[in-house]
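The next block holds one structure in the form of structure tokens; read it before the comments.
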Amino acid sequence: MGAKGPPDLDEVGMKATRDARPIHRVYVDGFYMDRTDVTNKEFDSFVKATGYVTVAERKPRGEEFPGAPPQNLVAGSVVFSPPDHAVLLDNQFQWWTYEHGANWRHPLGPKSDIKGKDNFPVVHIAYEDAEAYSKWTRKRLPTEAEWEFAARGGAAGTSFVWGDEFRPDGKWMANTHQGNFPNQDTGDDGYAGIAPVAQYMPNAYGLYDMAGNVWQWTSDWYREDYYRLLAATHIVTRNPQGPDSSFDPSEPNQSKKVLRGGSFLCTDQYCSRYLVGTRGKGEVSTGTNHLGFRCVMARQTWQARSNRSELVDEHHVSGSAKHSSVLLLR
Ligand SMILES: [Ca+2]
Ligand SMILES: [Cu+2]
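With the sequence shown counted from 1, adding 20 to any position gets you the numbering used here.
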């Protein structure tokens with residue numbers, strides 16, 4: 021696991037590969053993974069069946085935010101709201117706003133909706149929302165290692181989930197950001213902002229959007245030094261589950277899980293997180309309009325559930341995660 025990148029990457033924006041080193045081997049057992057991110061339509065079925073209310077739709081409780089004036093305790097979520105002019109990339113609050121009334125049904129705020137967007141990834145999903153959905157489908161969230169293994173599609177050490185060239189034959193392979201970040205999104209790749217799922221080529225395992233479009237939750241706690249700790253053991257960890265707790269030196273009081281994949285906002289001007297192996301992080305109760313998820317299922321669970329023994333599309337893979345196989349849910 022981990023990411024390589026051009027050496028000057030360390031000097032740009034968010035320093036994409038600093039917490040993704042050293043590159044080290046891990047082992048993961050075979051599993052099934054959703055081909056796409058969970059869509060609005062799928063999430064809607066869950067909400068209809070269970071009456072589930074997402075974190076962004078709940079009024080924040082005073083006890084959780086001692087000292088906050090009551091008028092500030094309003095349900096909402098974080099929305100990308102770019103300035104109309106170029107800004108220094110030193111403060112993300114220039115382009116992120118807490119928007120009252122923003123949630124999965126209203127991704128850009130109360131005046132927006134998801135009509136006609138059934139096949140868009142669901143967004144404004146906090147970690148517990150993603151977990152609740154996973155349980156309802158009798159799946160679970162992937163570990164960070166499972167996610168990266170699946171994303172690499174059987175190729176070890178490439179820069180992107182599709183290979184080493186960002187645009188092979190001039191083709192766009194993922195929904196990322198073009199134009200000047202953050203104030204201008206030219207949509208050269210076909211989409212300014214979010215795209216429906218599965219608009220670009222899948223990776224070699226048949227998984228769509230494992231780079232770009234929306235970030236995806238994993239079940240691992242985020243620690244900046246986790247790869248150094250794992251690598252220092254000098255053993256190939258089997259099915260790593262992440263550290264026991266979260267620690268992000270830049271925001272030490274927040275509990276964060278690892279995010280993977282990058283989003284429609286990723287650009288080499290700032291975060292470059294469409295590079296496979298790079299890591300993101302998200303505070304567990306905070307959703308945004310560029311964060312979604314997909315689920316996995318253990319091989320045994322799938323077999324028991326589908327009541328059949330033959331495996332669909334099994335790949336035996338060498339490379340960074342030897343002996344493993346990824347099994348795709350269709
Ligand atoms: Ca785009
Ligand atoms: Cu990004």
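Even for Gly, the Cβ is constructed at its ideal location relative to N, Cα and C.
Note that the coordinates shown come from a computational prediction; the quantities given were computed from them, not determined experimentally.
So is the beta-carbon of residue i under 6 Å away from any non-hydrogen atom of ligand 1?
i, result
"Gly312", "no"
"His282", "A small correction: the amino acid at residue 282 is Gly; His does not occupy that position in the sequence shown. Flag unset: Cβ of Gly282 not near ligand 1."
"Asp57", "no"
"Gly199", "no"
"Gly190", "no"
"Asn195", "yes"
"Gly207", "yes"
"Tyr211", "yes"
For a test of the three-state rule: what should DSSP assign to residue i, helix, strand or coil?
i, result
"Gly82", "helix"
"Thr117", "strand"
"Lys137", "coil"
"Val75", "helix"
"Gly190", "helix"
"Asn60", "helix"
"Trp322", "helix"
"Val107", "coil"
"Leu295", "coil"
"Tyr52", "strand"
"Tyr47", "strand"
"Trp241", "strand"
"Phe313", "coil"
"Thr37", "coil"
"Arg280", "strand"
"Gln91", "helix"
"Arg258", "strand"
"Trp167", "helix"
"Trp182", "coil"
"Gln112", "helix"
"Lys159", "coil"
"Val67", "helix"
If we count the other Cβ atoms within 10 Å of its Cβ and call it buried at 16 or more, is residue i buried or exposed?
i, result
"Pro188", "exposed"
"Asn92", "exposed"
"Phe85", "exposed"
"Ala40", "buried"
"Lys159", "buried"
"Asn111", "exposed"
"Ser329", "Low confidence applies to Ser329: its pLDDT is 46, below 50, so where it sits in the model is not reliable enough to give any reading."
"Ile145", "buried"
"Leu227", "buried"
"Gly281", "buried"
"Arg81", "exposed"
"Gln236", "buried"
"Asp149", "buried"
"Ile255", "exposed"
"Leu279", "buried"
"Asp245", "exposed"
"Leu285", "buried"
"His126", "buried"
Taking only heavy atoms of ligand 2 into account, decide whether any of them is closer than 6 Å to the Cβ of residue i.
i, result
"Arg293", "yes"
"Leu285", "yes"
Compute the beta-carbon to beta-carbon distance between residue i and residue j, rounded to the nearest angstrom, for a pair I have assumed lies under 8 Å.
i, j, result
"Arg258", "Tyr47", "5 Å"
"Ser97", "Gly307", "5 Å"
"Cys315", "Asp104", "No, Cys315 and Asp104 are not in contact; Cβ-Cβ is about 38 Å, not under 8 Å."
"Thr74", "Trp124", "6 Å"
"Tyr290", "Leu109", "5 Å"
"Asp264", "Lys276", "Between Lys276 and Asp264 the Cβ distance is about 14 Å, and since that is not below 8 Å, they are no contact."
"Trp182", "Asn223", "6 Å"
Measuring only from the beta carbon, is residue i closer than 6 Å to any heavy atom that is part of ligand 3?
i, result
"Trp322", "Because ligand 3 does not appear in the structure shown, any question about it cannot be addressed here, the ligands present being ligand 1 and ligand 2."
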